[in-house]
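Here the structure is laid out as structure tokens; the discussion comes afterwards.
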Amino acid sequence: MNRILAGLLALPLFFSCGGKKEKTDEVASVNETTTPERITVKGNELYKGDKPYHYVGTNYWYGVLLAAKEGGNRDRLAKELDIMKEHGIDNLRILVGAEAGTQDFTVNPALQPEQGKYDNNLLDGLDYLLDEMAKRDMHAVLYLTNNWEWSGGMAQYLEWNGKGDFPNPNLPPHTWPEFMEYTKQFHSCEPCMEAFKNHIKFILGRINAYNNKKYTEDNTIMAWQVANEPRVFTADNEEKFTKWLNDVVDLIDELDPYHLICTGSEGKAGSADDIAIYERTHNNPKIDYLTMHIWPKNWGWFKHENAKETLPVSIASAQQYINDHIAVAQKLNKPIVLEEFGLPREGESLDKKSSVANRDAFYKSIFERLEQSKQHNEAFAGLNFWGFGGIANNNPENGKWNKGDDFTTDPPQEPQGLNSVFATDTTTLNMIKQYNKLLK
445 MNRILAGLLA LPLFFSCGGK KEKTDEVASV NETTTPERIT VKGNELYKGD
495 KPYHYVGTNY WYGVLLAAKE GGNRDRLAKE LDIMKEHGID NLRILVGAEA
545 GTQDFTVNPA LQPEQGKYDN NLLDGLDYLL DEMAKRDMHA VLYLTNNWEW
595 SGGMAQYLEW NGKGDFPNPN LPPHTWPEFM EYTKQFHSCE PCMEAFKNHI
645 KFILGRINAY NNKKYTEDNT IMAWQVANEP RVFTADNEEK FTKWLNDVVD
695 LIDELDPYHL ICTGSEGKAG SADDIAIYER THNNPKIDYL TMHIWPKNWG
745 WFKHENAKET LPVSIASAQQ YINDHIAVAQ KLNKPIVLEE FGLPREGESL
795 DKKSSVANRD AFYKSIFERL EQSKQHNEAF AGLNFWGFGG IANNNPENGK
845 WNKGDDFTTD PPQEPQGLNS VFATDTTTLN MIKQYNKLLK
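Residue numbers (our numbering): 445 to 884.
Right under this line is the structure:
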């Protein structure tokens, strides 16, 4: 997710998954006592075991960093996993790892400090995180790279492969249009795409050091996601983008026919603002379920200085966006998940004591729509709010993140705490707990 950029692009101008419906079950259980039930797709519904699966989950992109043996914080991780589980949050959307981590405002440390070279400490962290989640009957959606600069992502692959230094839009004189034009090259950069495929092969070929489970046989993993918010960028790039996307989906399916596959798309906002492009790029039977993201502030719907008038506009616009994407999911006969949505605290304050009344109202409208979908057997299957900041300490004075600071759910280029739901946000967490009970 890049919410600042999303705001620029979503104004007028992966799980998109489907083929793991009844994939082979010929996988031996390593340890029944810590093996969650498998998540599958049947028609336009997600299933956990033999029951439909609807959920309010969260984004927890930094989980691997907390889980690292060196430089992580496993005590904090355990506390936060327990808090989430207590509130029915059992579905976590997680970044597998960053690339390079050398520029300001990018995640550090990086899983790939150099192309094709890996930080064993963070690989161990990924193993540990999945094992701890398994003990709590939780599921992970793992995204394999990022469209945006804050974790290196596709831009870093371009830099690694001779396209020049990537223009970090957080550092003047670079701009978002410049960054987007640069990143658009990824879909036609053969060595970049090949390096990403090698990364996928490496991660999917891993065996967990803590429980000896092959990643391709671990029910803790709900789905592999191609990337965080992969974008067509412009309509004339649709053919290249679609070919790249299908190539990656085909590779994941070949390597792991057991798990679900999704794309991580924002939906219309990531498809040159054209929902027909979104439908065409996701019309692949190996894509098991669809995804969408919603950012009222960045898309110009919500203005904190005029919350009374713009909150109802934000809710109505979000409902329309959801309905439009449910219609695509129904047509393609796939479930759809709203895997990113958020709203700042009152006045965009970073103070944990500030009001979250507007956020709660926005969340409630989304939760109610999901409950309605369940009651009417629609394709809308689940949510991952952005996101859980847990017990992190942030600096409400300036919100800046510096190496060594606690990770919140807000990526390094954004004010820390802007969209984070902290463990002290009891009204929000209690509402999440209530709806997770209703959705069972």
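Where a beta carbon is used, it is the ideal one built from N, C-alpha and C, also for glycine. Treat the numbers as computed from the prediction; the structure is a model and nothing was measured.
For L794, the closest of T853, N517, T707, P616 by C-alpha to C-alpha distance is T853.
Here the C-alpha atom of L490 lies approximately 11 angstroms from the C-alpha atom of L734. When the five nearest sequence neighbours on each side are left out, the beta carbons in the same chain lying within less than 6 angstroms of the beta carbon of E682 are those of V676, I721, in order along the chain.
Less than 7 angstroms separates the beta-carbon of V670 from that of G708. Straight-line measurement puts the Cα of H498 at about 16 angstroms from the Cα of M875.
The alpha helix (DSSP H) runs of length 4 or more contained entirely in the stretch 517-577 are, from start to end of the chain, 518-530. Only buried fits H531, as 16 or more other CB atoms lie within 10 angstroms of its CB.
In the three-state scheme derived from DSSP, where H, G and I count as helix and E and B as strand, T852 is classed as coil. Residue range 801-819 is occupied by the alpha helix (DSSP H) that includes Y807. With contacts defined as CB atoms closer than 7 angstroms, A751 and C706 fail to qualify as a contacting pair.
With respect to P740, S715 sits apart: the two C-beta atoms are not nearer than 7 angstroms.
About 6 angstroms separates the beta carbon of I766 from that of R813, a gap short enough to meet the 8 angstroms contact definition. Cα atoms of A511 and E673: separation of roughly 24 angstroms, rounded to the nearest angstrom. Between the beta-carbon of V693 and that of N728 there is about 6 angstroms, and that keeps the pair under the 8 angstroms contact cut.
With respect to F824, S817 sits close: the two C-beta atoms are nearer than 7 angstroms.
Spanning the alpha carbons of A542 and L602 requires a straight line of approximately 14 angstroms. Its Cα nearest to that of R537, the residue L570 stands out among T619, E634, L570, P635.
Excluding the 5 residues flanking it on each side, L648 has same chain C-beta neighbours closer than 8 angstroms at Y659, T660, W668, I696, L699, D700, in chain order.
Check the Cα spacing between K687 and each of H726, A760, I835, L573: the tightest is with H726. A contact is defined here as three or more CB-CB pairs under 8 angstroms, and the stretch 500-519 meets this definition with respect to the stretch 561-570. Within the stretch 599-678, complete beta strand (DSSP E) segments of at least 3 residues are found at 665-669, given in chain order. The beta carbon of E622 lies closer than 8 angstroms to those of P611, P613 in the same chain, with the five residues before and after it left out. Taking the CA atoms as reference points, F866 sits about 6 angstroms from F832. The C-beta separation of N663 from T479 comes to about 5 angstroms, placing the pair in contact by the 8 angstroms criterion.
The beta-bridge partner set that DSSP reports for E784 consists of H737. A836 and L776 have their C-alpha atoms spaced approximately 40 angstroms apart. Rounded to the nearest whole angstrom, the CA to CA distance from S632 to M624 is 14 angstroms.
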